[in-house]
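Note that the numbering used here gives residue 479 to position 466 of the sequence shown, counting from 1, and the numbers run on in steps of one.
Reading through the structure tokens given below for one structure.
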Amino acid sequence: MTKLEQATAADRRHGARPSVVAEYDAVVVGAGFGGVYAIHRLRQLGLNVIGLEAGADVGGTWYWNRYPGARCDVPSLFYSYTWSPELRQEWRWTEKYAAQPEILRYAQHVADRFDLRSLIRFETRVTSAEWDEASQRWTVRTDRGDRITAAYCVMATGNLSVPNKPDLPGLDRFRGAIYHTGQWPHDEVSFSKLRVAVIGTGSSGVQAIPLIAKAASRLTVFQRTPNYSVPARNAPLSDADVAAAEPVIAKYRESLETPEFGRVPSNAFEAPVPEKQVQWARYQQLWDQGGGGILTAFPNILTSEAVNDVACEFVRDKIRGIVKDKATADALSPKDYPLGVKRICIDTDYFATYNLPHVELVDLREEPLKTVTETGVETATRSFALDALVLATGYDAMTGALAAMDIRGGDGTSLKDAWADGPSTYLGLMVSGFPNLFVVTGPGSPSVIGNVIHACENHVEWITACLDTMRTKGLTRIEPERDAERSWMAHVADAASRTLYPKANSWYQGANIAGKPRVFMPYVGQGYRHRIAQIAQRDYEGFVMR
Ligand code: NA7
């Protein structure tokens, strides 16, 4: 029995939670989709691995995000692991877009199916990780007093895992209930007969608002920036749907490793601008189909303003067609940034909800929020009496979870200081000065731009193959070269600058958090997977191994 198992058994016997002092080959921080798979693969490599997870169960973002309407915006048949054919065969999604409880059940099923729970210490938050050059090991400390050392540390801490709690004046005074969508209570929350406000209209707000409106006696939505949202047209999945998707998924999986693969296709820069009516007809087709397909309408939709402008006009036209009150429709219509460069929202009845007599939109650009009071919210011109306040205000995305831990490299430099001007990684996988520290879907990799589960798989497979190669060669230490990292980050910035992505104040570039450096964090170039595979083949070019 490992020390962890002994500790866990003791926990169960005594109801106590003793701390662990132990040595491992690898520690994995986080048991979301990235962490769970990393634990599985590292164990397969024969390493003694421990997972540390703040939540009481696996699932990561799907463990915490239990707000009404929480649902994935990627079709469930694609939002699944690909690494186990048996798992693919035996798991059957029930809806086109799976809701949070079903995705959490999937994560739990994977943990049970591959017997991973015994390797994970739950309700344990990592507070620090420090590299010791002399022993060539990481020391990881937790809020339970654990002190764990490991040769390798894998940060699978997620891109959307630290809720952004807005600094609203007076928020502490509010006597009603306050909820954050990213930290929703596990017990049922009832809004029945309550006066509720939602602050924030990103994906979480857009999903929650129609359902909260069904229960509440009054719903006020405070909007800072309107979002482009397209209908999900969610539906139960039939066997025929599943069968029809098989060849599409197979083709998609084949394309993943090609030099052309990416959110912005390689032919984007030479593609012609289609006639407006051709564009309009295609957008209509994709709107009727539902989901985020509109972003694939034309190869240059994310690079050409001439194309993107028509798509924006199309969605605004749809909003005007759905929302009866002209002023509300106008306020809900995004006008000052391109479509798709903030994550597009995929909704069910979002815009139609504003036609309900007890639902009101407050445009904070016209009517700024002055203060929260004991009993509600005051704007520059009005007071709103409230029983509950829902903060759908998003996350300190991409870097928040890493910055929340005190991570120190060999010379004592903290990652937070090293990233004071914005995150810097080589390939989104490693950071110079922080040997043997791997980041799953780190800034500088496609991560949130594509399908995050597949991005996690790709990184975990690259990391475990790297460790396997090192072991074969008798090597134990890996770190990126500073120059390789610098030129990679310059390439990441260049790839973004060739697109329309930087034209919005998005969380992709840290714009939603006051004081966060503006650096475009995800990699939006082509052929990322192909590239990192080639780098591995070329003897881990840009890394120093010894
Ligand atoms: P998002 O997309 O970051 O949305 C957060 C929303 O909250 C957005 O409308 C923000 O306005 C708004 N916000 C944030 N802070 C404030 C303050 N202080 N006052 C008013 N409004 C505020 O987070 P979500 O959770 O909806 O979605 C995150 C991702 O999860 C999503 O992209 C999918 O990938 C899944 P802003 O736009 O910053 O002006």
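Virtual Cβ for every residue (Gly too), placed ideally from N, Cα, C.
Per DSSP, the bridge partner or partners of residue i
i, result
"Y165", "A39"
"D360", "P244"
"M443", "Y439"
"P249", "E108"
"D376", "Q236"
"T392", "L382"
"M491", "Checking the displayed sequence, the identity of residue 491 turns out to be Ile instead of Met. According to DSSP, I491 bridges with M558."
"T155", "V139"
"S268", "S268 is not bridged to any residue."
"V403", "Y192, V211"
"I63", "V40"
"L450", "C166"
"R84", "A112"
heavy atom of the ligand NAP below 7 Å from residue i C-beta
i, result
"I548", "Annotation note on the ligand NAP: not contained in the displayed structure, which lists the ligand NA7 as its ligands."
Identity of the residue in the options nearest residue i by Cα
i, options, result
"P88", "G306, L65, D200", "G306"
"M418", "S500, E259, A67", "A67"
"V211", "R54, L374, T426", "L374"
"G413", "G422, V403, W432", "W432"
"F46", "M558, V473, R544", "V473"
"D180", "A517, T489, K383, N518", "K383"
"L184", "T388, R356, P459, E99", "T388"
"Q57", "P272, L488, L480", "L480"
"A83", "M411, A221, P493, F204", "A221"
"S445", "D434, Y119, F556, A258", "F556"
"V385", "T512, A398, G304, D552", "A398"
"H371", "V209, A69, E146", "V209"
"G407", "R356, R54, A393, A39", "R356"
"D301", "A147, K331, S317, I420", "K331"
"A190", "H504, K486, L404", "L404"
Rounded separation between residue i and residue j - CA only
i, j, result
"N247", "M502", "38 Å"
"S32", "V452", "25 Å"
"Q236", "N61", "49 Å"
"C85", "V34", "38 Å"
"I63", "E201", "32 Å"
"A365", "L440", "42 Å"
"E391", "N449", "51 Å"
"D400", "A342", "27 Å"
"D213", "A245", "Checking the displayed sequence, the identity of residue 213 turns out to be Gly instead of Asp. Taking the straight line from one Cα to the other gives about 20 Å."
"V354", "Q292", "18 Å"
"V328", "S242", "8 Å"
"Y367", "D338", "8 Å"
"L402", "W197", "12 Å"
"I335", "K109", "24 Å"
"T361", "G304", "10 Å"
"E494", "E554", "9 Å"
"Q19", "L117", "Unreliable positioning characterises Q19 in this predicted model, as indicated by a pLDDT of 46, which lies under 50. The coordinate reading is nonetheless provided below. In a straight line, the C-alpha of Q19 is about 27 Å away from that of L117."
"R157", "P114", "28 Å"
Where residue i falls: helix, strand or coil (DSSP)
i, result
"G189", "coil"
"K529", "coil"
"L100", "helix"
"I52", "helix"
"Q149", "coil"
"L58", "coil"
"G306", "helix"
"D180", "coil"
"R551", "coil"
"W520", "helix"
"G195", "helix"
"E136", "coil"
"K383", "strand"
"A340", "helix"
"E326", "helix"
"W432", "coil"
"E143", "strand"
"R484", "helix"
"L224", "helix"
"A542", "Ala is not the amino acid found at residue 542; the sequence shown has Arg there. R542 falls in the helix class under three-state DSSP."
"R231", "strand"
"P456", "strand"
"A398", "strand"
"R499", "helix"
"R421", "strand"
Minimum Cβ-Cβ distance from residue i to chain D less than 8 Å
i, result
"G47", "Considering every chain present, this structure includes no chain D. It has just one protein chain."
key: At least three beta-carbon pairs within less than 8 Å, the stretch 166-177 to the stretch 398-416   = yes
query = Any contact of the stretch 213-233 with the stretch 326-343, i.e. 3+ C-beta pairs under 8 Å?
reply = no
inquiry  = Within 8 Å, do at least three Cβ pairs link the stretch 95-103 to the stretch 68-78?
reply    = The stretch 68-78 vs the stretch 95-103: no contact.
At least three beta-carbon pairs within less than 8 Å, the stretch 269-277 to the stretch 543-556 = yes
query = Three or more C-beta pairs closer than 8 Å, one from the stretch 315-330 and one from the stretch 123-137: is that the case here?
reply = no
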